[in-house]
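Here's the structure, in structure tokens; my notes come after.
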Amino acid sequence: MISASFTVQNFDKDVSLLGSGQTCRSMFYVSSGITRSYVIDENGRDFTTCFHFNKPSSNVKSLFLTDFSSVIRKEASQLHFQTLTEVLAVELPISAISGLYERGSKWEKLGRRLAEEAYYHTQKRAMSLLMKTAKQRYIELREQMPHLVDSIPEYYVASYLGITPQSLSRIKS
């Protein structure tokens, strides 16, 4: 039974699902609520790399929470995962996902398609950070994920945009 390996979990707000230095062994499908992936630099500043949620504007990158680098290389993660609201998620152990791939090509194709979509959205985000101004990134965020801007503290929005909260205030005014 496929679902026997998966666990539905409720998480409170501000729970750490993965910390830097831990090896990622699961993928979470976010059914409801909001989480974020972030890194912390050597000066202690954190930078949000992605928000994860389940809304009509969701894409593969925002529905699934995992550290592909840690999973693929079986190395310690540099990412942290944090719940920003109460979250309902399905935990899918990587070992169970690997077992599905062994069952047949349809599962491998699904896995490949999900990985391609995740890569596409990661590359799109990287290009946005490199090619767009902070104001353009903020406008794009408001258009693509309006519920986020109104649901989470502004310092997380600023962190995602790669700017300070003060710069975000100037952009908004």
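In UniProt numbering, the protein residues as written are 1 to 173.
Think of the CB as a built atom: it goes at the ideal place given N, C-alpha and C, for glycine as much as any other residue.
Model, not experiment: these values are computed from the prediction.
The DSSP-derived three-state label of S31 is strand. Across the structure, D14 and A115 are spaced so that their CA atoms are roughly 27 Å apart. Just measuring C-alpha positions, the residue of S128, S173 and A118 sitting nearest M27 is A118. According to the DSSP assignment, S98 belongs to the alpha helix (DSSP H) that extends over I94 to R103. With three or more CB-CB distances shorter than 8 Å, the stretch 77-87 counts as touching the stretch 18-38. A Cβ-Cβ contact shorter than 8 Å links F51 with Y160.
For E91 and G104, the gap between their C-alpha atoms comes out near 22 Å. In terms of CA proximity to S70, I94 leads the group T48, I94, Q9 and L88.
Around the CB of D41, fewer than 16 other CB atoms lie within 10 Å, so the residue is classed as exposed. The alpha carbon of T7 has as its nearest neighbour, out of L88, I171 and V39, the alpha carbon of L88. When DSSP reads this structure, I40 sits in a beta bridge with D46. When only Cα atoms are considered, G99 and G111 end up about 12 Å apart. When beta bridges are read from the DSSP output, A89 appears opposite Q9 and V30.
Counting only residues of its own chain and dropping the five nearest sequence neighbours on each side, F64 has a CB closer than 8 Å to the CB of M27, F28, Y29, V30, H52, L114 and A118.
Cβ contact annotation for Q22 (same chain, cutoff 7 Å, sequence separation greater than five): A76 and S77, in chain order.
The C-beta of L129 has fewer than 16 other C-beta atoms within 10 Å across all chains shown, which makes the residue exposed. In the structure shown, T23 adopts extended strand secondary structure according to DSSP, grouped into three states.
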